[in-house]
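Counting from 1, position 79 in the sequence shown corresponds to residue 388 in our numbering; the numbering is continuous, with no gaps.
Reading through the structure tokens given below for one structure.
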Amino acid sequence: MDSITSFILEGARFRGVYIGADKVVQDILDCHSYPLVVQKILGQSIILALALAQSIKYQGVFSFQVRSSGPVQSLFVNVTHDKQVRAYAVYEEEKLPTEDELTNEALFGNGELLFSVTQLGQEPYQGIISLTGKTLTDTVLDYFRLSEQIKTDLILRQKEGKTRCLMLQQMPLKEGDDAEEVASLYETADVLMNSVKDAELFTDKLVPEQLLYRLFHANDLTVYEPVVPHFSCSCHKDQMKRFLSRLTDQEREELYQDGQIMTECQFCQTQYVFKHEDFN
Ligand SMILES: [Zn+2]
């Protein structure tokens with residue numbers, strides 16, 4: 310079952326999360342007919358967005374967006390604070406690399422990764438980083454290292470349409486902490502996290518708590534109640550109507566075909582049809 314399972318180690322000196330979201334990813338992919346390489350990189354993006362969203366406290370919408378001039382021009386993921394997820398990709402099919410080439414260079418060429426949080430009554434938060442490193446995971450790690458200055462490690466693995474992620478982060482030192490000692494504890498936890506085998510990540514026989522216990526039982530582990538993410542799109546006909554209403558009469562007139570304007574939500578492919586009388 311899909312879950313986002315947070316945990317802490319060593320008296321909350323480190324925090325982490327384990328994520329599996331097969332159903333969410335599949336439900337999103339079912340709205341589209343993306344080639345395998347796009348399915349894979351969108352699956353990675355959804356899991357990375359969930360991992361990043363997990364490291365922030367917010368009430369609203371977290372957005373994860375890749376923009377590039379390469380074959381995959383755009384990847385867009387939204388995660389609400391209650392873990393409703395939606396996503397889509399824009400790409401040029403004939404230029405796509407094979408599904409074995411999920412590198413930033415092959416997929417995006419030059420590009421950037423943007424994060425933002427939109428929440429009621431607060432200034433929007435934004436982060437941006439160019440697509441450094443070999444993979445999107447490397448870019449996310451660079452973001453934490455450069456922008457947030459949080460010691461972070463993250464492993465992301467994919468197998469037969471499933472994606473798994475484990476992330477470990479060091480929290481600020483507590484009063485009286487010996488920095489070297491904490492650094493050494495972090496190294497140990499990180500080695501343990503990286504020792505995880507595919508057979509453990511992709512089996513149905515271990516629930517997240519059991520997997521985390523296997524890895525970190527000697528590291529003062531506390532596992533929190535898992536949260537289940539869901540695919541859900543917040544699009545609505547009224548929203549589309551408001552957008553179209555803001556256009557000038559002439560701009561809107563150009564969108565009519567056979568007496569109607571047909572719009573489609575990029576996230577869920579729901580079609581909304583408008584006629585002249587909708588705008589009277
Ligand atoms: Zn939608």
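All residues carry an ideal CB built from backbone N, CA and C; glycine is no exception.
Throw me the rounded Cβ distance for the residue i and residue j pair, which I believe falls under 8 Å.
i      : j      : result
Leu475 : Val505 : 6 Å
Val334 : Ala398 : That pair is no contact at about 12 Å.
Ala358 : Phe371 : 7 Å
Gln353 : Gln467 : 7 Å
Leu524 : Met502 : 6 Å
His322 : Leu494 : Residue identity check: residue 322 is Arg in the sequence provided, not His. Contact holds; Cβ gap of about 7 Å.
Could you tell me which residues DSSP pairs with residue i in its beta bridges?
i      : result
Ala396 : Val386
Ser377 : Gly420
Ser312 : Gly329
Ile464 : Leu475
Phe323 : Leu318 and Gln479
Ser425 : Ser372 and Gln435
Thr572 : Tyr581
Thr531 : Ile317
Val536 : Ile313
Gln566 : Gln569
Using the Cα positions of residue i and residue j, report the straight-line distance between them to the nearest angstrom.
i      : j      : result
Pro344 : Glu402 : 8 Å
Ile570 : Pro380 : 29 Å
Thr472 : Ala488 : 34 Å
Thr572 : Val491 : 54 Å
Pro433 : Phe424 : 10 Å
Phe576 : Leu515 : 32 Å
Ala396 : Leu351 : 8 Å
Leu463 : Gln363 : 13 Å
Ser456 : Leu440 : 14 Å
Pro517 : Ser312 : 8 Å
Arg555 : Asp513 : 50 Å
Thr579 : Cys340 : 9 Å
Phe552 : Lys546 : 10 Å
Glu484 : Leu510 : 36 Å
Val426 : Met549 : 22 Å
Tyr522 : Gln435 : 35 Å
Glu560 : Val394 : 32 Å
Leu279 : Gln458 : Past the boundaries of the shown model lies residue 279; the chain is included only from 310 to 589, so the question cannot be answered.
Taking the alpha-carbon of residue i as reference, which of the options has the nearest alpha-carbon?
i      : options                           : result
Gly369 : Phe424, Arg376 and Leu429         : Leu429
Val388 : Val491, Ala527, Ile365 and Leu405 : Ile365
Ala415 : Pro433, Lys392, Gln382 and Gln431 : Gln382
Ile355 : Glu319, Gly470 and Gln435         : Gly470
Glu496 : Gln478, Glu432 and Leu423         : Gln478
Ile337 : Tyr581, Gln580, His539 and Gln559 : His539
Thr444 : Glu410, Ile313 and Ser342         : Glu410
His526 : Phe552, Ala498 and Arg551         : Ala498
Glu421 : Gly320, Thr579 and Phe373         : Phe373
Ser377 : Ile438, Val500, Ala330 and Asn503 : Ile438
Asp486 : Ser312, Gln566, Glu319 and Glu408 : Glu319
Asn528 : Gly442, Pro535, Lys550 and Val500 : Val500
Asp567 : Val582, Gln435 and Leu521         : Val582
Glu562 : Phe588, Thr512 and Thr579         : Phe588
Val375 : Thr557, Tyr522, Ala321 and Thr446 : Thr446
Phe417 : Val426, Ile328 and Pro406         : Pro406
Lys392 : Val536, Ala321 and Tyr565         : Val536
Asn413 : Gly442, Asp451, Lys404 and Tyr400 : Gly442
Can you find the residues in the same chain that come closer than 7 Å, C-beta to C-beta, to residue i, ignoring five residues on each side of it along the sequence?
i      : result
Cys574 : Cys542 and Cys544
His594 : Since the first residue shown for the chain is 310 and the last is 589, residue 594 is missing from the structure and cannot be characterised.
Glu408 : Leu345, Val346 and Lys349
Can you list, in chain order, the residues of its chain whose CB lies under 6 Å from that of residue i, leaving out five sequence neighbours each side?
i      : result
Ile317 : Arg324 and Thr531
Ser315 : Val326 and Tyr533
Lys460 : Gln479
Val386 : Ser354, Ile355, Ala358, Phe373 and Ala396
Tyr452 : Ile438
Lys584 : Gln569
Report all residues from its chain with a CB closer than 8 Å to the CB of residue i; omit the five preceding and five following residues, and keep chain order.
i      : result
Asp507 : Arg466 and Lys468
Asp331 : Asp311, Gly470, Lys471 and Thr472
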